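Working notes, beginning with the structure itself.
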């Protein structure tokens, strides 16, 4: 039987709700995803090299140059591997992402910068052994004054500020980075293994992202906007979305260099 000392309590002041989370090690998180959005921007080479800190990761350019992607994931449910999937509430999450190649063996990989969420429950992950996700994300998916659909994602630390607007009467043929959706998918989905910031210099976390469903991306050609980051501001080159997926994030330890 669980006792008071076996549970971690997290208070959500916005909803006046207290969550109880078992103090049990987390090595894997499953999520039922309603939508996964990717907004791509073309950036100078210096930007991706500043972002990607491990010296064994080489950023991979597209035909048009280096791409920085904002990956946004809307989850219906998420839970550790030892809990029922529906235990976790809905949340919206995002991170900056750079496609890379591991120079040690030539394999595809991904650098995923700090992860953010609008759910306070993610604060428990780092305390239970999983890489940190910061509860600092604000999301707006309402319509603007003119009735256009918008997507705004901003972090409290001012590292990310995405603003997308759907213009029904405008349509982008394709961006400069990817000539079609298949080219984007091949580039974006190439790496299962991702590396991210750790709590020590010259150290990175390893999280493998396993796609457990056969959903595919579609081009959202009527969405335009800008991505503002701590490294600069850029017009969005292309936007893609996929729906109704099942994913697993599996923590595989840390690496030093």
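Residue numbers (this note's numbering): 1 to 257.
The beta-carbon is built from N, C-alpha and C at its ideal position, and this holds for glycine as well.
Keep in mind it's a predicted model, so treat the numbers as computed, not measured.
Notebook entry, point to check: From residue 259 to residue 148, what distance separates their C-alpha atoms?
Noted result: Residue 259 lies beyond the range of the chain shown here (1 to 257); nothing can be said about it.
Notebook entry, point to check: Just how far apart, CA to CA, sit residue 138 and residue 122?
Noted result: 14 angstroms
Checklist line | Three-state secondary structure assigned by DSSP to residue 333 | finding: In the structure as shown, the chain begins at 1 and stops at 257. Residue 333 is therefore absent and cannot be evaluated.
Item checked: residue 74 (DSSP reduced to helix, strand or coil) -> strand
Note to self: For the pair the segment 25-35 and the segment 65-79, tell me if three or more CB-CB distances fall below 8 angstroms.
What the structure shows: yes
Next item on the list: Counting only runs of 3+ residues fully inside the segment 114-168, write out the beta strand (DSSP E) ranges in chain order.
Entry: 115-117, 137-140, 150-155, 160-166
Checklist line | Contact check, residue 256 vs residue 202, beta carbons under 7 angstroms | finding: yes
Next item on the list: Could you check which residue in 165, 230, 216, 195 has the C-alpha nearest to that of residue 183?
Entry: 216
Notebook entry, point to check: Mind checking residue 130: buried by the 16 CB within 10 Å criterion, or exposed?
Noted result: buried
Notebook entry, point to check: Roughly how many angstroms separate the alpha carbons of residue 77 and residue 49, rounded to a whole number?
Noted result: 34 angstroms
Next item on the list: On a CA-only basis, which of 119, 51, 144, 160 is nearest residue 228? Give me that one, please.
Entry: 160
Checklist line | Integer-rounded CB distance, given that residue 95 should sit under 8 angstroms from residue 115 | finding: 5 angstroms
Next item on the list: List the residues that DSSP assigns as beta-bridge partners of residue 69.
Entry: 40, 97
Next item on the list: Determine the extent of the alpha helix (DSSP H) in which residue 46 is found, giving its start and end residues.
Entry: 45-51
Check: Taking buried to mean at least 16 other C-beta atoms within 10 Å of its own C-beta, is residue 145 buried or exposed?
Finding: exposed
Checklist line | Rounded straight-line distance, which links the Cα of residue 42 to that of residue 57 | finding: 19 angstroms
Checklist line | Through-space distance from residue 247 to residue 132, alpha-carbon basis | finding: 18 angstroms
Next item on the list: Can you have a look at residue 232 and say buried or exposed, based on whether 16 or more other CB atoms are within 10 angstroms of its CB?
Entry: exposed
Checklist line | Among 224, 198, 242, 15, the one whose alpha carbon lies nearest that of residue 254 | finding: 198
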